[in-house]
Amino acid sequence: MIEHLPIVSFIARRVHERLPQHLPIEDLYSAGVLGLFDAFGKFNPFKHVLFRTYAQYRIRGAILDSLRTLDWSPRELRRKARAVEQAIQTLTAQIHRNPTDTEIAQKLDIPLAAYQQLLGELKGLEIGTLHAERSDDSGEEELVYLPSRAEDDPLFRYLDAEMRERLTKAIEELPERERMVMTLYYYEETTMREIGLILGVHESRVSQIHASAVLHLRARLSSPNTHEEWRQDGDHPNQVP
C-alpha cells in the first residue's frame, strides 16, 4: 500500500491543477486512496496486466467519481454568496443602477477590504448569474437569476481542461504540414483555398492533409495517456511529493 501511495498523490495533483484552487486536494487524495484499495481487492494477476497500470485507472476513476457528488464549495461560502446577491438586488432596486463595491460592502455591514477579499473567495463558485430582462407587463428591467450551466460543474471543467491539454499536445506532435493546416484552418480561420495558396498545393491536397491530421488526432486522443503524461512532465509516480 505504501509503495503505491505516490501514484495516488500524483494523480490527485494532476486533477487538482484543472479545478478551482479552493477545492481541497485532500478530498481528491482520500478518494484516490479508496480507489487504490479497490484496485487491491479486484486485481486479477492472471490477466497479464501490471498492477501499477490497473491501479492508476482505478485511482483516477475514483477521484472523478468523487467530483460528481462533492460539494466543492463550503456551505458558509455559499451562504455569503447568497447574501451578496440579495444585497445587489436590493440596492439595484433602490438606486436604479448597478451598486459600487463600497455600497455593497456598506449594505453587508463589512469593510470594503473584507468584501473585496470575499469576491476573490467566490471566484469560480457555482452560484449562477444575474441577468437583466425587460418585463412584458411593466416594461421595466428586472433582475432574473439564471442557474449555473452544466458546463460549470467541476467534473465537466476537469474533463474539458484535460481534453484541451491533450488536444494541444497532439497538434504539436503532428507532422509539420498537418500542424500548419490545422493551425491556419481552425485558429487563423483561413479557407482551404487560401491554405493551398500558402502551401503551394491544390485545394484538394489541403483537404487530404486535413483529413490525415484529423485521423491522427482521433487516434491519439482515443488512447490512454497517463504514462505519457508522467514521462513528459519529468515527474514520476514513485517520487513522493
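Count along the sequence shown from 1, then add 1292; that gives the number in the numbering used here. Where a beta carbon is used, it is the ideal one built from N, C-alpha and C, also for glycine. From a predicted model like this one, the values you see are computed outputs, not experimental measurements.
Buried versus exposed call for residue i [16 or more other C-beta atoms within 10 Å across all chains shown]
i, result
"E1464", "exposed"
"Q1348", "buried"
"E1318", "exposed"
"A1468", "According to the sequence as given, residue 1468 is Glu; it is not Ala. E1468 should be labelled exposed."
"E1295", "exposed"
"L1342", "exposed"
"S1496", "exposed"
"F1302", "buried"
"K1339", "exposed"
"R1360", "exposed"
Residue closest to residue i, alpha-carbon to alpha-carbon, out of the options
i, options, result
"G1353", "L1320, T1384, A1379", "L1320"
"R1510", "T1460, K1399, I1387", "T1460"
"R1471", "V1498, M1293, D1452", "V1498"
Rounded straight-line distance, which links the Cα of residue j to that of residue i
i, j, result
"I1490", "E1309", "39 Å"
"A1375", "A1405", "17 Å"
"F1332", "T1482", "52 Å"
"Y1478", "L1328", "41 Å"
"S1504", "M1474", "10 Å"
"Q1537", "P1316", "The structure shown does not extend to residue 1537, since the chain is modelled only from 1293 through 1533, so no value can be given for it."
"A1397", "A1373", "13 Å"
"H1388", "I1380", "11 Å"
"D1330", "R1344", "13 Å"
Interface flag, residue i vs chain E, CB-CB below 8 Å
i, result
"K1372", "Any reference to chain E falls outside this structure, which holds one protein chain only."
Beta-carbon gap between residue i and residue j smaller than 8 Å
i, j, result
"H1508", "L1476", "no"
"T1382", "N1390", "no"
"D1393", "Q1408", "yes"
"A1462", "L1411", "no"
Contacting residues, own chain, Cβ-Cβ under 6 Å from residue i (five flanking each side not counted)
i, result
"L1326", "A1354"
"A1323", "A1354, I1355, S1358"
Own chain partners of residue i with C-beta closer than 8 Å, once the 5 adjacent residues on each side are dropped
i, result
"K1399", "A1379, T1382, L1383, P1391"
Own chain, CB closer than 7 Å to residue i, minus 5 neighbours either side, in chain order
i, result
"I1487", "V1473, L1476, Y1477, V1498"
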